[in-house]
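Numbering (this note's numbering), first residue to last: 29 to 410.
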């Protein structure tokens with residue numbers, strides 16, 4: 029593989045880490061102040077909803093701290109034990125934050141149910157309600173800011189923290205609604221509102237957790253990134269097709285990959301080597317993706333009869349439903365062999381059945397030929 033300088037990628041990574049840490053520190057400071065104010069107000073007014081809201085702010089501060097720790101650990105340089113780096117630690121920190129949100133929701137639900145069973149009369153003051161209203165505005169602004177930064181730098185931890193902050197603003201707003209109902213009608217509903225909001229938090233926590241687990245398991249290729257890489261490679265003179273792109277994610281914006289290209293069978297080893305090195309270098313600088321391997325499919329160009337045979341095979345293959353691609357075709361007359369790859373969509377009821385049907389039809393069209401047909405997977409398939 030071509031060794032390529034990575035100063036640009038390192039600079040981007042360092043700057044990204046600084047942005048995440050700075051945003052998280054802002055979140056910690058804001059949540060600690062809000063928690064302190066709400067705790068005092070909640071205890072003075074005997075409001076379980078406000079006290080739980082204060083506890084939720086402390087958990088948010090903890091989430092921001094976890095984000096900072098996760099970012100610092102993820103930024104460690106690759107070593108012998110982990111040659112692909114530590115970027116996936118960010119996914120683990122996002123998972124921890126999801127669990128914190130889930131725990132906060134469950135705890136809030138339990139306390140709300142206790143309050144429903146054994147209700148206590150709240151005592152609201154104008155000052156306490158004004159402070160809670162200000163807290164709602166602060167949490168909305170903070171949540172939107174943190175989430176927007178998270179989306180910009182592709183940090184799931186920040187996105188989760190931002191979404192959690194927005195949910196907190198809903199909780200705080202619910203205490204205002206409960207206070208208004210109590211002051212106007214003399215009915216205490218905050219425990220019921222707390223229970224309802226708790227269910228929303230639990231649902232959000234489960235969704236965050238599910239998204240993070242999905243990333244750790246390995247999701248399909250980033251469709252836009254894959255498309256742009258293929259376009260870049262296809263622009264090289266002599267490249268007649270780009271296929272089998274596989275991208276492996278080792279953390280946000282950390283990608284390794286491999287692909288195949290089709291080139292004329294007239295290329296020498298020297299010219300092919302120079303082309304492959306140039307492709308690796310260009311893809312790295314343009315997309316920050318390291319291509320660890322580039323496979324080569326040789327395309328028949330010297331025999332018109334073989335070129336015509338390729339067209340016949342192409343028509344047979346695409347006469348079947350759910351076929352997305354055919355590539356890597358090569359026919360050798362002397363050995364009476366035909367090789368090519370096909371991609372069958374996951375929408376097919378039985379992909380193997382489609383493959384077997386294609387193999388049978390091509391075999392009937394070219395009796396006596398040895399067929400080497402591989403069923404590939406398109407990892408960018410929508």
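All C-beta atoms in this analysis are idealised placements derived from N, C-alpha and C, irrespective of residue type, glycine included.
Just so it is clear, the structure is predicted and the values come from calculations on it, not from any experiment.
Item: Complete alpha helix (DSSP H) runs within the stretch 128-189 (minimum length 4 residues, chain order); Value: 154-181
Item: Rounded C-alpha distance that separates residue 374 from residue 115; Value: 30 Å
Item: Rounded distance between the beta-carbons of residue 370 and residue 345, thought under 8 Å; Value: 6 Å
Item: Opposing strand residues paired with residue 366 [DSSP bridges]; Value: 359 and 399
Item: Uninterrupted beta strand (DSSP E) stretches inside the stretch 214-268 (no shorter than 3 residues); Value: none
Item: Cutoff 7 Å; reference residue 133; Cβ partners in own chain excluding five residues on either side; Value: 226, 229, 230 and 233
Item: Whole runs of the beta strand (DSSP E) within the stretch 285-346, excluding any shorter than 3 residues; Value: 317-327
Item: When 306, 254 and 273 are compared against residue 265, the one with the closest alpha-carbon; Value: 306
Item: Local Cβ density within 10 Å of residue 401, reported as buried at 16 or more and exposed below that; Value: buried
Item: Sequence-distant residues of the same chain with beta carbon closer than 6 Å to residue 315, five excluded per side; Value: 257
Item: Beta-carbon separation (whole angstroms), residue 55 vs residue 194, contact threshold 8 Å; Value: About 13 Å separates the two Cβ atoms, so there is no contact after all.
Item: Residue burial classification, residue 244 (beta-carbon count within 10 angstroms, cutoff 16); Value: exposed
Item: Separation of residue 128 from residue 403, as counted between CA atoms; Value: 43 Å
Item: Neighbour-count burial assignment, residue 213, 16 or more Cβ in a 10 Å radius; Value: exposed
Item: Same chain only: Cβ atoms within 8 Å of residue 97, ignoring 5 sequence neighbours per side; Value: 121
Item: Three-pair Cβ contact test at 8 Å for the stretch 175-185 versus the stretch 160-167; Value: no
Item: Given residue 124 as reference, the closest of 396, 327, 138 and 186 once Cα atoms are compared; Value: 186
Item: Cβ shell of residue 323 (< 8 Å), same chain only, five flanking positions each side left out; Value: 272, 286, 287, 288 and 289
Item: Euclidean distance between Cα positions of residue 68 and residue 105; Value: 45 Å
Item: Euclidean distance between Cα positions of residue 32 and residue 313; Value: Residue confidence is low: residue 32 scores 44 on pLDDT, short of 50, so the model does not pin down where it sits. No coordinate-derived value is stated.
Item: Short Cβ contact (9 Å threshold) for residue 118 with residue 238; Value: no
Item: Segment limits, alpha helix (DSSP H) that includes residue 384; Value: 379-393
Item: Residue nearest to residue 254 in terms of C-alpha spacing, selected from 267, 262, 275 and 236; Value: 275
Item: Backbone secondary structure at residue 114 - three-state DSSP; Value: coil
Item: Counterpart residues of residue 274 in DSSP-defined beta bridges; Value: 286
Item: Cα-Cα separation between residue 88 and residue 71, rounded to whole angstroms; Value: 20 Å
Item: Cut-off 8 Å between Cβ atoms - residues of its own chain near residue 335, not counting five sequence neighbours on either side; Value: 328 and 329
Item: Coarse secondary structure for residue 406, derived from DSSP in three states; Value: coil
Item: Closest by C-alpha distance to residue 320, when choosing among 112, 205, 396 and 348; Value: 112
Item: Under the three-state DSSP convention, the category residue 31 falls into; Value: The pLDDT assigned to residue 31 is 45, lower than 50, so where the model puts this residue is not dependable, and the model offers no usable value.
Item: Spatial neighbours of residue 190 in its chain, beta-carbon cut-off 6 Å, leaving aside the 5 residues before and after; Value: 171, 174, 175 and 178
Item: Own chain partners of residue 141 with C-beta closer than 7 Å, once the 5 adjacent residues on each side are dropped; Value: 223
Item: Residue from 45, 199 and 159 with nearest C-alpha to residue 220; Value: 199
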